[in-house]
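Order-wise, the sequence lines are chains X and Z.
With the working numbering as the guide, the letters of the first sequence map in order to residues 12 to 363.
With the working numbering as the guide, the letters of the second sequence map in order to residues 46 to 433.
Where is the CB? At the ideal position from N, CA and C, for every residue including glycine.
Note that the structure is predicted; figures quoted are calculated from it, not measured.
Written below as structure tokens is the structure these notes are about.
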Amino acid sequence: MSRRERPRGATVTLAQGAGGRAMRALIEEVFLKGALPSARPHGAFSECVGLEAQDDGAALRLGDRWLVMTTDSHVVLPIFFPGGDIGRLAVAGTVNDLAAMGATDGAVLSFGVVVEEGFAREDLERVQASVREACRESGATIVTGDTKVMPRGELSGLVLHTTGLAFADRVVRDAGLRPGDRILVSGTLGDHGFAILAARGRIELDADLRSDVAPVNGLVRAALAAGGPGVVALKDPTRGGLASALHEMAAKSGVGVLLDEAALPLRPAVQAASELLGIDPLHVANEGKIVLGVAPEKAAAVLAALRAHPLGRDAAVVGTCVAEHAGRVLLDTGFGRRIVTEPEGDLVPRIC
Amino acid sequence: MAERLPIAAPPGDASDAARLRFRDPQRARALAGRLRELADRRSHDPVSLMHVCGSHEQAIARFGLRGLFPPSLRVIMGPGCPVCVTDVPEVDEAVALARQGIPIATYGDMLRVPGSAQSLADARAEGATVHVVYGVDAAVALARETQGDLVFFASGFETTAVATAAALLAGPPANFSVLSAHKYIPPVMEIVAEMPDTRIEGFLAAGHAATITGWGVFERFVLRHRLPVVVAGFEPLDILAGLVQLLELVLEGRPRVVNAFPRCVTREGNARAQETLWRVFRPMGGQWRGIAHVPSGNLRLREEWAGFDARRRFEIDASELRDRAPAGLAAACRCGDIMAGLASPADCRLFGRECLPASPVGACMVSSEGTCRIQHEYQGHPRWEAAP
Numbered sequence: 012m013s014r015r016e017r018p019r020g021a022t023v024t025l026a027q028g029a030g031g032r033a034m035r036a037l038i039e040e041v042f043l044k045g046a047l048p049s050a051r052p053h054g055a056f057s058e059c060v061g062l063e064a065q066d067d068g069a070a071l072r073l074g075d076r077w078l079v080m081t082t083d084s085h086v087v088l089p090i091f092f093p094g095g096d097i098g099r100l101a102v103a104g105t106v107n108d109l110a111a112m113g114a115t116d117g118a119v120l121s122f123g124v125v126v127e128e129g130f131a132r133e134d135l136e137r138v139q140a141s142v143r144e145a146c147r148e149s150g151a152t153i154v155t156g157d158t159k160v161m162p163r164g165e166l167s168g169l170v171l172h173t174t175g176l177a178f179a180d181r182v183v184r185d186a187g188l189r190p191g192d193r194i195l196v197s198g199t200l201g202d203h204g205f206a207i208l209a210a211r212g213r214i215e216l217d218a219d220l221r222s223d224v225a226p227v228n229g230l231v232r233a234a235l236a237a238g239g240p241g242v243v244a245l246k247d248p249t250r251g252g253l254a255s256a257l258h259e260m261a262a263k264s265g266v267g268v269l270l271d272e273a274a275l276p277l278r279p280a281v282q283a284a285s286e287l288l289g290i291d292p293l294h295v296a297n298e299g300k301i302v303l304g305v306a307p308e309k310a311a312a313v314l315a316a317l318r319a320h321p322l323g324r325d326a327a328v329v330g331t332c333v334a335e336h337a338g339r340v341l342l343d344t345g346f347g348r349r350i351v352t353e354p355e356g357d358l359v360p361r362i363c
Numbered sequence: 046m047a048e049r050l051p052i053a054a055p056p057g058d059a060s061d062a063a064r065l066r067f068r069d070p071q072r073a074r075a076l077a078g079r080l081r082e083l084a085d086r087r088s089h090d091p092v093s094l095m096h097v098c099g100s101h102e103q104a105i106a107r108f109g110l111r112g113l114f115p116p117s118l119r120v121i122m123g124p125g126c127p128v129c130v131t132d133v134p135e136v137d138e139a140v141a142l143a144r145q146g147i148p149i150a151t152y153g154d155m156l157r158v159p160g161s162a163q164s165l166a167d168a169r170a171e172g173a174t175v176h177v178v179y180g181v182d183a184a185v186a187l188a189r190e191t192q193g194d195l196v197f198f199a200s201g202f203e204t205t206a207v208a209t210a211a212a213l214l215a216g217p218p219a220n221f222s223v224l225s226a227h228k229y230i231p232p233v234m235e236i237v238a239e240m241p242d243t244r245i246e247g248f249l250a251a252g253h254a255a256t257i258t259g260w261g262v263f264e265r266f267v268l269r270h271r272l273p274v275v276v277a278g279f280e281p282l283d284i285l286a287g288l289v290q291l292l293e294l295v296l297e298g299r300p301r302v303v304n305a306f307p308r309c310v311t312r313e314g315n316a317r318a319q320e321t322l323w324r325v326f327r328p329m330g331g332q333w334r335g336i337a338h339v340p341s342g343n344l345r346l347r348e349e350w351a352g353f354d355a356r357r358r359f360e361i362d363a364s365e366l367r368d369r370a371p372a373g374l375a376a377a378c379r380c381g382d383i384m385a386g387l388a389s390p391a392d393c394r395l396f397g398r399e400c401l402p403a404s405p406v407g408a409c410m411v412s413s414e415g416t417c418r419i420q421h422e423y424q425g426h427p428r429w430e431a432a433p
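Here it is, written out as structure tokens:
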């Protein structure tokens with residue numbers, strides 16, 4: 012059968028990489044189908060949080076500690092964007108996945124680089140400089156690496172691939188929410204996604220849209236110190252934004268989440284861009300934020316700890332978990348309540 | 046419950062002023078109370094009002110306004126989403142062009158609109174070049190950077206059609222052409238009003254389209270059909286206030302046009318925009334997906350613009366797509382009845398089964414403004430006030 016004549020669904024679509032329902036369906040249909048019995052490792056790592064949890068990373072029991080492991084591929088266009096570049100994104104993305112499992116310190120990383128023939132060496136050095144800077148900020152160390160060059164046209168510019176390892180004394184899952192728990196976010200929402208949309212250049216927005224890309228392990232460390240076991244769930248709200256993160260957390264935890272729109276921290280530029288384009292900031296990626304589920308009696312202490320950190324000044328309590336509406340996210344707009352949907356496919360602006 | 050952080054700019058900023066004036070929940074509740082009071086006066090069937098604008102539905106859903114409507118008031122989304130009413134053959138033309146290797150630029154929500162066999166997103170996944178643009182200017186800019194042809198698959202009502210017309214008048218590069226799926230809203234209101242089983246007692250007209258046409262365009266409609274029309278804006282308070290006025294007119298039996306969006310809309314409209322529109326486009330009868338043949342409902346390029354008309358520039362052969370169409374599904378789709386207010390999504394046997402947001406059959410499931418899509422997301426349960 013020729014490439015052109017395949018029936019619908021026979022080829023992978025962009026929507027299936029966008030972090031929402033379509034992507035989860037692809038993962039479940041292709042990668043998890045029939046894999047579950049064998050997904051449990053044997054031997055030394057038999058006690059683990061593995062693939063079936065579909066969490067930010069895996070956690071493997073080693074004695075009285077947990078070794079947390081995550082892996083990530085990084086592609087972004089443009090490679091350099093306001094607020095960061097692909098190198099910073101790679102380190103922050105990996106460190107943040109580890110932190111979202113409760114492993115906030117001493118990460119070691121592998122670093123794979125695939126470069127397209129003809130890529131400017133100066134740009135490669137610029138990327139490497141921000142990799143180094145992000146490692147310095149997060150306390151991560153690159154301990155092994157790999158480099159490949161592909162013929163021109165066989166990939167677009169630069170692809171990075173990382174694996175991260177770090178220890179945690181306690182694993183914090185994304186499935187730990189209980190009715191009554193508060194939902195906190197560590198800062199303004201949607202900054203990365205809108206910065207990338209604007210940087211792609213097809214949209215003239217006279218606004219200061221900058222990516223929030225940053226390692227948040229220090230921020231998570233502070234939150235865990237303040238909240239202790241009262242921090243019951245963590246999630247890295249990247250692709251699919253806060254909406255996808257909360258959908259996953261709510262579904263896995265068997266609770267509903269009720270958000271208060273007036274409490275959502277949004278930069279005015281993001282607010283304006285979202286109204287103009289008809290793109291919900293809750294659907295848009297963050298690269299330097301953390302979502303926390305916190306027991307009500309610890310919410311104030313965790314909020315104070317987040318706000319005391321330079322990356323958490325805009326942190327806020329944005330919602331509450333409820334026993335009703337399990338698996339759903341509702342938003343109180345001040346006028347009424349609505350369902351917060353999961354992003355469906357890649358984000359596109361509306362016409363009307 | 047939660048701590049509040051300032052969302053918008055500090056007090057005194059224009060955006061904050063706008064928020065306070067048009068997004069004031071207190072005033073919204075007062076208007077909702079008035080709606081309830083009016084709706085209660087009707088002892089028999091519920092009052093059915095129709096809006097004809099995707100942006101109205103978007104605002105209603107976005108702000109959770111349906112929870113404020115009394116049960117005896119039905120606010121129906123009419124054929125007001127230009128993406129939803131783009132007909133299958135129009136999508137097929139764009140898909141066929143894309144599959145012939147001609148790069149297409151279009152608005153984001155057109156990507157997933159199903160044609161006979163494929164959407165533009167499907168064609169893109171198979172290797173066709175489809176750019177998402179935010180406006181016609183971006184498409185023209187793309188054409189300037191492109192060696193070969195670039196076709197702008199244009200959709201939208203008279204508001205966006207004016208922008209397309211202006212871009213052509215401004216002299217685009219020779220490799221640029223337009224595949225127009227633009228629609229003209231006033232004629233379709235006639236169609237809905239004349240449907241034999243219609244229960245619609247009043248129309249909420251789209252404020253932005255009326256900035257172009259002027260509210261005067263509805264006077265003839267009111268005379269002919271004896272149904273009131275209120276032109277309304279898109280902020281939550283605009284919509285609620287518009288509905289209050291419309292309900293008052295319905296209950297008092299006073300068919301007339303009321304302009305509830307006077308800060309933008311005049312009786313005459315924007316003469317320069319109208320001139321721009323009609324210099325480039327001519328109205329033509331055509332099918333609106335699932336609705337009906339709408340006389341003068343489609344906007345097509347005039348003869349003088351043949352050189353920029355993709356339909357005249359290219360041999361578009363969509364027959365192969367039609368041959369591959371899965372039999373039966375599209376025929377069972379009830380989008381038309383749903384958009385005409387005659388059926389609800391639950392009446393359609395495809396709804397929530399074969400027809401889902403990720404694999405829509407009908408256009409009402411495609412757009413975030415489509416009735417079926419909104420109903421699907423709400424799971425038929427628009428009131429969430431029961432939660433603590």
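Span separating the alpha-carbon of residue i from that of residue j
| i | j | result |
| --- | --- | --- |
| residue 153 of chain Z | residue 24 of chain X | 15 Å |
| residue 316 of chain X | residue 242 of chain X | 12 Å |
| residue 280 of chain X | residue 108 of chain X | 27 Å |
| residue 268 of chain X | residue 180 of chain X | 28 Å |
| residue 126 of chain Z | residue 261 of chain Z | 22 Å |
| residue 163 of chain X | residue 170 of chain X | 13 Å |
| residue 320 of chain Z | residue 107 of chain Z | 34 Å |
| residue 276 of chain X | residue 195 of chain X | 11 Å |
| residue 267 of chain Z | residue 40 of chain X | 54 Å |
| residue 320 of chain X | residue 110 of chain X | 15 Å |
| residue 230 of chain X | residue 322 of chain X | 7 Å |
| residue 54 of chain Z | residue 348 of chain X | Residue placement at residue 54 of chain Z is poorly supported in this model, since its pLDDT is 37, which falls under 50; the coordinates still yield a value, given next. Using only the alpha carbons, I get a separation of about 24 Å. |
| residue 252 of chain Z | residue 277 of chain Z | 5 Å |
Residue i - partner residues in DSSP beta bridges
| i | result |
| --- | --- |
| residue 152 of chain Z | Z:178 |
| residue 404 of chain Z | Z:401 |
| residue 303 of chain Z | Z:275 |
| residue 345 of chain Z | Z:327 |
| residue 54 of chain X | In the DSSP output, where bridge partners are listed per residue, residue 54 of chain X has none listed. |
| residue 160 of chain X | X:126 |
Whole-angstrom C-beta distance between residue j and residue i, which should lie under 8 Å
| i | j | result |
| --- | --- | --- |
| residue 330 of chain Z | residue 340 of chain Z | 5 Å |
| residue 67 of chain X | residue 81 of chain X | 6 Å |
| residue 93 of chain Z | residue 246 of chain Z | 6 Å |
| residue 168 of chain X | residue 290 of chain X | Rounded, the Cβ-Cβ distance is 25 Å, inconsistent with contact. |
| residue 307 of chain Z | residue 273 of chain Z | Contact flag wrong, Cβ pair sits at about 17 Å. |
| residue 147 of chain Z | residue 196 of chain Z | 6 Å |
| residue 149 of chain X | residue 106 of chain X | 5 Å |
| residue 138 of chain X | residue 226 of chain X | Actually they do not touch by this definition, with Cβ atoms about 16 Å apart. |
Under 7 Å between C-beta atoms of residue i and residue j
| i | j | result |
| --- | --- | --- |
| residue 12 of chain Z | residue 178 of chain Z | Nothing can be reported for residue 12 of chain Z, as the shown portion of chain Z is limited to 46 through 433. |
| residue 123 of chain X | residue 172 of chain X | yes |
| residue 279 of chain Z | residue 100 of chain Z | yes |
| residue 3 of chain X | residue 200 of chain X | Nothing can be reported for residue 3 of chain X, as the shown portion of chain X is limited to 12 through 363. |
| residue 176 of chain Z | residue 199 of chain Z | no |
| residue 232 of chain X | residue 328 of chain X | no |
| residue 31 of chain X | residue 248 of chain X | no |
| residue 134 of chain Z | residue 84 of chain Z | no |
| residue 161 of chain Z | residue 346 of chain Z | no |
| residue 207 of chain Z | residue 322 of chain Z | yes |
Test: residue i CB closer than 7 Å to a CB of chain B
| i | result |
| --- | --- |
| residue 345 of chain X | In the displayed structure, chain B is absent; the protein chains listed are X and Z. |
**Study point:** Cβ pair count under 8 Å reaching 3, the region 175 to 195 of chain X against the region 332 to 339 of chain X
**Key:** yes
When you compare the region 279 to 291 of chain Z with the region 233 to 241 of chain Z, are there three or more beta-carbon pairs, one atom per stretch, that lie closer than 8 Å? In the pairwise beta carbon analysis, the region 279 to 291 of chain Z is classified as not touching the region 233 to 241 of chain Z: fewer than three pairs are separated by under 8 Å.
_Does the structure place the region 112 to 132 of chain X close enough to the region 196 to 215 of chain X that three or more beta carbon pairs sit under 8 Å?_
no
For the pair the region 126 to 134 of chain X and the region 228 to 241 of chain X, tell me if three or more CB-CB distances fall below 8 Å. Verdict: no, contact absent.
request  = Tell me, please, whether the region 406 to 418 of chain Z touches the region 362 to 382 of chain Z by the rule of three or more beta-carbon pairs shorter than 8 Å.
outcome  = yes
* Is there contact between the region 244 to 255 of chain X and the region 298 to 313 of chain X, where contact requires at least three CB pairs shorter than 8 Å? -> yes
- Task: Taking 8 Å as the threshold, find out whether the region 155 to 169 of chain Z comes into contact with the region 138 to 145 of chain Z through three or more Cβ pairs.
- Result: They touch, by the three-pair rule.
Self-check item: Segment contact, 8 Å Cβ cut-off, at least three pairs: the region 306 to 322 of chain Z with the region 98 to 116 of chain Z
Solution: no
| message | If contact is defined by three or more beta carbon pairs under 8 Å, each pair taking one atom from either stretch, is the region 51 to 60 of chain X in contact with the region 150 to 157 of chain X? | response | no
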